[in-house]
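Structure first, then comments.
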Amino acid sequence: MPTSSVPRPRVDALPRALRFPDNFLWGVGTSAHQVEGGVDLDGRGPSIWDTFAARGGTRHGDSGAVAADHRRRMADDVALLARLGVPAYRFSVAWPRVQPTGRGLASQAGLDFYRALVDELLAHGVEPVVTLYHWDLPQALEDAGGWPVRDTAYRFADYAGLVADALGDRARRWGTVNEPWCAAMLGYAAGVHAPGRTEPGAAVAAAHHLLLAHGLGVDVLRGRLSPGAEVGITLNPYPVVTAGTSDADLDAARRIDGIANRLWYDPVLLGRYPDDVLDDLSTVSDLAHVRDGDLGVVSRPIDVLGLNYYRRYHVSYERGAAAVSPWPGSPDVSVAAPDEPATANGWRIEPDGLYESLVRVATDYDPPPLVVHESGGAFPDAVGPHGRVEDDDRIRFLDAHLRAAHAAVAAGVDLRGYFVWSFLDNFEWAEGYAHRFGLVHVDYATQARTPKASAEWFGGVVAANGLPPASPAPPGPACGDP
Ligand code: IFM
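Heads up: the sequence shown begins at 60 in the numbering used here, then just goes up one per residue.
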């Protein structure tokens, strides 16, 4: 249900010096298609994002063909991570680099790249955190129907086994799928992400098969990794609020909360779909893709639940506003444009929403330990005359979100880690290179890396295991209650 019942502390009123629990895992993240480039190497096959970009689906026709050139610059990038004092690195494996057509034998060169990456991380004392699927489906599998087709989940399980066999002796922390809501709903319902389809019923089936892939992947990983390995999934919850008081507004909020949040939490953590969400979705799907036994697979026990938080959804009732949208079966909702303050890509800055997300999952479910796998913001960074990127806005943003995360810990949430999105500026999907999320600036013409002021600041946070009193957020708009 909407999260209005979650108590809301004023996060800007908390004490400035905060310590996180011992052994808290600090890190930064990227994903393969957003940073690697090198699409011509290792026998890599095309992914749906190559195709989507070539068909004009991205801003300015930008693609991930070069991105941050990390495939070629990996060793230097890992050395930079270590110099910045980052203890853990969350990255994804590109399925089409491992299995060019999404099935059959692995490309040894593709696996070798990820083995080399993990070895390099370990040699620098950086903990690898592996994500198996961060949206770059092999195009050949999309040609066979993509995520709306059940077989794709089984192909994912095979792929998970190949990667586990290659990296399982050296990587301990594993995630199956990143943000399945985006993959299913942005990709197959709204059509704003690859593969660019606007088929609500197919999106509902895609959602189920992404969840099934997760569960099948957990089984495969459990069978191949050592008992100490940690396996989970990463979801992207959005607290849903409505300014309206009408029944229609409240129903709009219920619907969006259903598709954004409960459609994922309930199957993974409870082994069932919420009845009201199934009712909503049944207007666009006969749900025949859900087979007996599937939800038992989807809800296999996991060791960690990753949460990515960016903002709340502010919704109201508006007839027909979501006819083509990420909300299959709910055409009469509107998700509001943000007020200030907002990030460079127009997302309202709402650190309290992180507190709400963490407390909500801990309260409404009985989750395994939580880790914030992504938190960050796009800001208009530029390299200044002295070669520095003074991204005080990002420091303020992260400071406020860390205070919100700490408030959740203080409220009893078992939060074990926090990963800033992102390590490097990168290919921001449909937005191309228009927005910079990195702690490290990338000059795309030269591929020069320039750590931003926020990178140095984050190193201080890591060293202090919290927010040291000596590094207050630079003055700026407070990020408290809306
Ligand atoms: O860049 C993305 C990432 O790939 C998934 N989570 C949200 C980020 C910012 O949009």
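Cβ atoms here follow ideal geometry from the backbone N, Cα and C, with glycine treated the same way. This structure is a prediction, so every number in the text was calculated from the model and none was measured.
Residue closest to residue i, alpha-carbon to alpha-carbon, out of the options
{"i": "R130", "options": "V299, L270 and Q506", "result": "Q506"}
{"i": "R142", "options": "F482, G330, N524 and G227", "result": "F482"}
{"i": "I361", "options": "N320, V430 and G412", "result": "V430"}
{"i": "S393", "options": "L329, D335 and R313", "result": "R313"}
{"i": "R103", "options": "A76, Q198, A126 and F111", "result": "Q198"}
{"i": "A463", "options": "G525, H500 and S122", "result": "G525"}
{"i": "L270", "options": "R331, H183, D136 and P155", "result": "R331"}
{"i": "Y368", "options": "A216, A311, V468 and H432", "result": "H432"}
{"i": "R447", "options": "L457, P510, G379 and N485", "result": "P510"}
{"i": "F438", "options": "V472, N485 and L474", "result": "N485"}
{"i": "G424", "options": "S375, M244 and L329", "result": "Note on residue identity: the sequence assigns Tyr, not Gly, to residue 424. The option with the nearest alpha carbon to Y424 is L329."}
{"i": "V383", "options": "M133, A249, A168 and V188", "result": "A249"}
{"i": "M244", "options": "V521, G163, N295 and S513", "result": "N295"}
{"i": "P254", "options": "A153, W194 and F456", "result": "W194"}
{"i": "H348", "options": "P298, F111 and H267", "result": "H267"}
{"i": "P239", "options": "H373, D411, H445 and A319", "result": "A319"}
{"i": "A242", "options": "L337, G205, V222 and G412", "result": "G205"}
{"i": "N404", "options": "S106, R118, G88 and N82", "result": "R118"}
{"i": "A489", "options": "F79, G115, R78 and P105", "result": "G115"}
{"i": "V343", "options": "P385, V222, V472 and A124", "result": "P385"}
{"i": "G287", "options": "F215, R407 and V363", "result": "V363"}
Sheet register partners of residue i (DSSP bridge)
{"i": "H500", "result": "T509"}
{"i": "S106", "result": "P197"}
{"i": "N524", "result": "Answer is none; N524 lacks a bridge partner."}
{"i": "L84", "result": "G476"}
{"i": "Y290", "result": "It is worth fixing the name first, because residue 290 is Val in this sequence and not Tyr. Bridge partners of V290: W233."}
{"i": "G365", "result": "T293 and V430"}
{"i": "H373", "result": "V300"}
{"i": "P187", "result": "Y148"}
{"i": "Y192", "result": "V236"}
{"i": "R78", "result": "G525"}
{"i": "L483", "result": "V499"}
For residue j and residue i, believed in contact at Cβ under 8 Å, the rounded distance
{"i": "T98", "j": "D109", "result": "Residue identity differs from the one stated: residue 98 is Val in this sequence, not Thr. 7 Å between Cβ atoms; contact."}
{"i": "G365", "j": "G234", "result": "6 Å"}
{"i": "P543", "j": "V263", "result": "Because the chain spans 60 through 541 in this model, residue 543 falls outside it and cannot be assessed."}
{"i": "D232", "j": "E186", "result": "This sequence places Arg at residue 232; Asp is not what is there. 7 Å between Cβ atoms; contact."}
{"i": "G227", "j": "Y148", "result": "That belief does not hold up - the Cβ atoms of G227 and Y148 are roughly 18 Å apart, past 8 Å."}
{"i": "S121", "j": "A112", "result": "Reading the sequence as shown, one finds Asp at residue 121 and not Ser. Confirmed, about 7 Å."}
{"i": "N237", "j": "S151", "result": "7 Å"}
{"i": "D308", "j": "S375", "result": "5 Å"}
{"i": "Y297", "j": "R370", "result": "7 Å"}
6 Å CB neighbourhood of residue i in its chain, flanking five on each side removed
{"i": "Y487", "result": "It is worth fixing the name first, because residue 487 is Glu in this sequence and not Tyr. These residues qualify, in order along the chain: H494."}
{"i": "A261", "result": "P207 and Y247"}
{"i": "D452", "result": "F438"}
{"i": "A127", "result": "V94, L483, N485 and V501"}
{"i": "P61", "result": "Any answer about P61 is weak, because its pLDDT of 41 lies below 50 and its placement is not dependable; what the coordinates show is given next. Cβ within range, chain order: V299, A312 and D316."}
{"i": "D338", "result": "none"}
Sequence-distant residues of its chain with Cβ nearer than 7 Å to residue i (five each side left out)
{"i": "L100", "result": "R130"}
{"i": "D224", "result": "R283"}
{"i": "V65", "result": "At V65 the pLDDT is 48, less than 50, meaning the model places this residue with poor confidence and gives no usable figure here."}
{"i": "A514", "result": "L143, L498 and V499"}
{"i": "A212", "result": "H268, L271, A272 and L275"}
{"i": "P533", "result": "Because P533 sits at a pLDDT of 48, beneath the cut-off of 50, its placement in the model cannot be relied upon, and the following sentence gives the value as read from the coordinates. Taken in chain order, the residues that qualify are D451, I454 and R455."}
Neighbourhood of residue i by C-beta, 8 Å cutoff - its chain only, sequence neighbours within 5 removed
{"i": "P333", "result": "G317, R321, L322 and D325"}
{"i": "A219", "result": "L191, T235, L275, G276, V279 and L280"}
{"i": "V442", "result": "V448, H500, D502 and T509"}
{"i": "T301", "result": "P61, D308, L309, A311, A312, H373, V374 and S375"}
{"i": "S63", "result": "Because S63 carries a pLDDT of 38, less than 50, the predicted location of this residue cannot be relied on, and no value is offered for it."}
Contact test: residue i Cβ vs the ligand NAD heavy atom, cutoff 7 Å
{"i": "S341", "result": "Ligands present in the displayed structure are limited to the ligand IFM, and the ligand NAD is not among them."}
Tell me the start and end of each unbroken beta strand (DSSP E) in the stretch 389-418 that is at least 3 residues and wholly inside, in chain order. The stretch 389-418 is shown to contain whole beta strand (DSSP E) runs of 3 or more residues at 392-394, in chain order.
Entirely within the stretch 415-452 and at least 4 residues each: give me those alpha helix (DSSP H) ranges in chain order. You should have found no qualifying run.
Taking the runs of the beta strand (DSSP E) that are 3 residues or longer, which of them lie wholly in the stretch 138-168? Counting only runs of 3 or more, we get 147-151.
Runs of beta strand (DSSP E) lying entirely within the stretch 288-346, each at least 3 residues, in chain order: Within the stretch 288-346, the complete beta strand (DSSP E) runs of at least 3 residues fall at 289-294.
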